[in-house]
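Here this note's numbering is used: the first residue of the sequence shown is 1, the next is one more, and so on.
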Amino acid sequence: MSIEIRVPQLPESVADATLVAWRKQAGQAVSRDENLADLETDKVVLEVPAPGDGVLREIKVQSGATVKSGDLLAVIEQGAGTANAAGNGKTASTPPTSAAGAAAPPTAAAPTPRAGPAARRVMEQSNLAPQAVPATAPGGRITKTDAQAAAAAARPAPPAPTAGTGRTEQRVPMTRLRARIAERLIQAQSTQALLTTFNEVDLSAVQELRSRHKDAFEKKHSVKLGLMSFFVRASIEALRRFPVVNASVENNDIIYHKYFDIGVAVSTERGLMVPVLRDADAMSFAAIEQAIADFAARARTASIAIEDLTGGTFTITNGGIFGSLMSTPIVNAPQSAILGMHKIQERPVVVNGQVAIRPMMYLAVSYDHRIIDGREAVQFLVAIKDCLEDPGRLLLGV
Numbered sequence: 001m002s003i004e005i006r007v008p009q010l011p012e013s014v015a016d017a018t019l020v021a022w023r024k025q026a027g028q029a030v031s032r033d034e035n036l037a038d039l040e041t042d043k044v045v046l047e048v049p050a051p052g053d054g055v056l057r058e059i060k061v062q063s064g065a066t067v068k069s070g071d072l073l074a075v076i077e078q079g080a081g082t083a084n085a086a087g088n089g090k091t092a093s094t095p096p097t098s099a100a101g102a103a104a105p106p107t108a109a110a111p112t113p114r115a116g117p118a119a120r121r122v123m124e125q126s127n128l129a130p131q132a133v134p135a136t137a138p139g140g141r142i143t144k145t146d147a148q149a150a151a152a153a154a155r156p157a158p159p160a161p162t163a164g165t166g167r168t169e170q171r172v173p174m175t176r177l178r179a180r181i182a183e184r185l186i187q188a189q190s191t192q193a194l195l196t197t198f199n200e201v202d203l204s205a206v207q208e209l210r211s212r213h214k215d216a217f218e219k220k221h222s223v224k225l226g227l228m229s230f231f232v233r234a235s236i237e238a239l240r241r242f243p244v245v246n247a248s249v250e251n252n253d254i255i256y257h258k259y260f261d262i263g264v265a266v267s268t269e270r271g272l273m274v275p276v277l278r279d280a281d282a283m284s285f286a287a288i289e290q291a292i293a294d295f296a297a298r299a300r301t302a303s304i305a306i307e308d309l310t311g312g313t314f315t316i317t318n319g320g321i322f323g324s325l326m327s328t329p330i331v332n333a334p335q336s337a338i339l340g341m342h343k344i345q346e347r348p349v350v351v352n353g354q355v356a357i358r359p360m361m362y363l364a365v366s367y368d369h370r371i372i373d374g375r376e377a378v379q380f381l382v383a384i385k386d387c388l389e390d391p392g393r394l395l396l397g398v
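Here is the structure:
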């Protein structure tokens, strides 16, 4: 019986996808739930699983083509024997015999390490077998970084440049995700009146609190107590005081969101993704840290769902993990504001009339000046600063 393989139903916000690569070729045997092809959308990479065992009889769409929901991709012939998987009509050969005439025992094949779509793509381009790539992710999973490192190690050293040579160029098309990021950034800058205000925060109290409770926190919740949960909770308190920062513009209307869906920017090899913490105001510190860790892991292995990346009323981005001391983040439209965290740096500051060395961080909030006035933006940032410099406020709601 023949089974048609079609593009799965894409989310409402995604119009089409690009067929990045086929994982099986015509004539090859396939197993139920085995990935047949990778589809890249504006946000994530989707896998097309086989609905049953059989042989991939015909491929209808080639790699690089743009497809939509329901488009026919391939045809599988169910019930075809794996002996004919190569499509050459040969039957399975009998096991080789030894000199004594006894059948030699079959050699057990080593299991193929698991790898995400991005990693598989690198390995195919570099002609690397999965077994030749050292895996560093939990469970023996190969990441794109692993594949790139193995490809670089296997690549022959380039010849030494001679006089007058060495000026080379490489033209590489943008991925759909990178193109979508570029489109959204241009859209934000062309449709919003963006302005940024800055402040600095003394993180002594937060660091002391983390140092005192980090071991007990990790033992109880199986996740590390990071900085982001403090910033998420501080942002929510500030958003409660200044609801317009949590609002968005639609035509000539201001939409005030009575909920707090906080986006947390995550940098991946494919580009920046912003998974959303739904109803973050109802989440504990542990729940926030666990959700962020899960989002980051799935985003970097291209297994995050599109639903995790849509919506959001306010975004937090942390350039400090890359060493940024100060920046002006761009608002994630249609939101109206974004908080930028930066590198923690010990600096001399005046405390109670005395010079002291404190762990300081510059904060930046970029906002849509069409609906948020400078006074509100500045006071919003000061409210975050107050909550972080006295974390007890987060517990008492003052």
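Here a beta-carbon is modelled for each residue, glycine too, at the ideal position from N, C-alpha and C.
Counting the other CB atoms within 10 Å of its CB gives MET123 a total of 16 or more, which places it among the buried residues. Within the model, the alpha-carbon separation for LEU394 versus ARG240 is close to 12 Å.
Within the region 242-290, the complete beta strand (DSSP E) segments of 3 residues or longer fall at 247-250, 253-256, 262-264, 266-268, 271-273, listed in chain order. Sequence-distant partners of ARG176 (beyond 5 residues in either direction) whose C-beta falls short of 7 Å from its own C-beta, in its chain, are THR18, GLU40, THR41, ASP42. Note that the C-beta distance between GLU200 and LEU363 is below 8 Å. Cβ contact annotation for SER63 (same chain, cutoff 7 Å, sequence separation greater than five): LEU19, VAL20, ALA21, TRP22, in chain order.
VAL264 is not a Cβ neighbour of ILE236, given a cutoff of 8 Å. The way I'd put it, the region 184-193 doesn't touch the region 280-289; fewer than three beta-carbon pairs between them come closer than 8 Å.
Here the region 369-378 makes no contact with the region 348-361; the two share fewer than three CB pairs at distances below 8 Å.
Partner residues in the beta bridge of MET361, as assigned by DSSP, are VAL201. In terms of Cβ geometry, LEU388 and VAL365 do not form a close pair [threshold 8 Å]. Using a Cβ-Cβ distance cut-off of 8 Å, the region 328-338 and the region 68-77 are not in contact, since fewer than three pairs of beta carbons, one from each stretch, lie closer than that value. The DSSP-derived three-state label of PRO130 is helix. Counting C-beta pairs closer than 8 Å gives three or more between the region 46-59 and the region 23-35, which meets the contact rule. Listed in chain order, the non-local C-beta contacts of ALA205 below 8 Å within the same chain comprise LEU388, GLU389, ASP390, PRO391, local neighbours out to five positions each way being set aside.
Residue burial is scored here from C-beta neighbours: THR301 has at least 16 other C-beta atoms within 10 angstroms and is therefore classed as buried.
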